[in-house]
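Under the numbering used here, the first residue of the sequence shown is numbered 1051, with each subsequent residue one higher. All C-beta atoms, glycine included, are put in the ideal place defined by N, C-alpha and C. Remember, predicted model here, so these are calculated numbers, not experimental data.
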Amino acid sequence: PDVSFEVIMNPQGAVIESKSEMGDSVRRMLNPMMFVYPTKPVAVGDTWTDSIKAGTDKADQSIALEFKVEGMEKVKDVDTMKISEKMTEAGSDAMSGTGNWWIDKTGAVVKFEMKVKNWVVPMAGDQTLGATISGSKKA
C-alpha cells in the first residue's frame, strides 16, 4: 500500500516528530538514518551529545545520542571526518545502536553505517528487527 508521512526535524537534523497514520513509529524508524549535526565546529577527538524528547510520561521514548570525531579518512577520494555514534532510546523494547558517519568538508554525509537493535518498522506492523543500515552518497 502507498504510505505517506510528514516529518519535522530540528536544526541539527534529528527527526523530532512524524505525522502519519502510523503515528510516532515513523520518527523512530527514521532516526537511526539521520545524522545529528553539532551546534559548533568540531575537530578530531571532540564529542557532543543530543537528545530527542518523545513519547509520553507513561511511555518515554526519548533518544540519547553520543558522537565522537574519531579521525579523518578518505572515502572514494573524498576527505571526510569519521564520526562515531551511540544511540540509546528510553523505555521498554528500546531501540539502540552504534555506528559511524563520514562527513565531507561541506557537511554532507558521504557514507554511514548503523547497527541497530529493536529497530521499528511501521510498515511491518511496528515489528522490531536487528538491522545494519548503511548508505553512501552517489557520485
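In chain order, which beta strand (DSSP E) runs of at least 3 residues are fully inside the region 1097-1152?
Listed in chain order, they are 1097-1102, 1113-1125, 1128-1139.
By the three-class DSSP mapping on this structure, what secondary structure does V1065 have?
Taking the sequence shown and counting its residues from 1, one reaches residue 1065 at position 15. Here V1065 sits in strand by DSSP.
Between the Cα of K1136 and those of S1075, M1084, D1074, D1052, spot the shortest distance and give me the residue it belongs to.
Here the question's residue 1136 lines up with position 86 in the sequence shown. Nearest of S1075, M1084, D1074, D1052 to K1136, Cα basis: M1084.
Among I1183, Y1087, P1091, I1066, which one has its Cα closest to the Cα of T1148?
Locating residue 1148 in the sequence shown gives position 98, where the first residue counts as 1. It is I1183.
Start and end of the alpha helix (DSSP H) containing S1184?
In the sequence shown, counting from the first residue as 1, residue 1184 sits at position 134. Taken as a continuous stretch (DSSP letters only), S1184 belongs to no alpha helix (DSSP H), being part of the beta strand (DSSP E) at 1177-1186.
Could you spell out where the beta strand (DSSP E) holding V1159 opens and where it closes?
Residue numbering aside, residue 1159 sits at position 109 when the sequence shown is read from its first letter. Here the beta strand (DSSP E) through V1159 covers 1159-1171.
Rounded to a whole number of angstroms, what is the C-alpha to C-alpha distance between D1154 and K1124?
Residue numbering aside, residue 1154 sits at position 104 when the sequence shown is read from its first letter. Residue numbering aside, residue 1124 sits at position 74 when the sequence shown is read from its first letter. D1154 and K1124: Cα-Cα distance of roughly 9 Å.
Does K1090 come within less than 7 Å of chain B when only Cβ atoms are used?
The structure shown contains no chain B; it holds only a single protein chain.
Just verifying my parser: in three-state terms, what is the DSSP assignment at V1057?
Mapped onto the sequence shown, residue 1057 falls at position 7. Reduced to three states, the DSSP call for V1057 is strand.
V1053 and L1080 look like a contact to me (Cβ under 8 Å); what is the Cβ gap, rounded to whole Å?
Locating residue 1053 in the sequence shown gives position 3, where the first residue counts as 1. Locating residue 1080 in the sequence shown gives position 30, where the first residue counts as 1. 13 Å between Cβ atoms; not a contact.
Classify S1068: buried if its beta carbon has 16 or more other beta carbons within 10 angstroms, exposed otherwise.
Taking the first residue of the sequence shown as position 1, residue 1068 is located at position 18. Under the 10 Å beta carbon count, S1068 is surrounded by 16 or more other beta carbons and is classified as buried.
Would you kindly work out how many angstroms separate the C-alpha atoms of L1179 and D1074, rounded to a whole number?
For this step, residue 1179 is matched to residue 129 along the sequence shown. For this step, residue 1074 is matched to residue 24 along the sequence shown. For L1179 and D1074, the distance between alpha carbons rounds to 17 Å.
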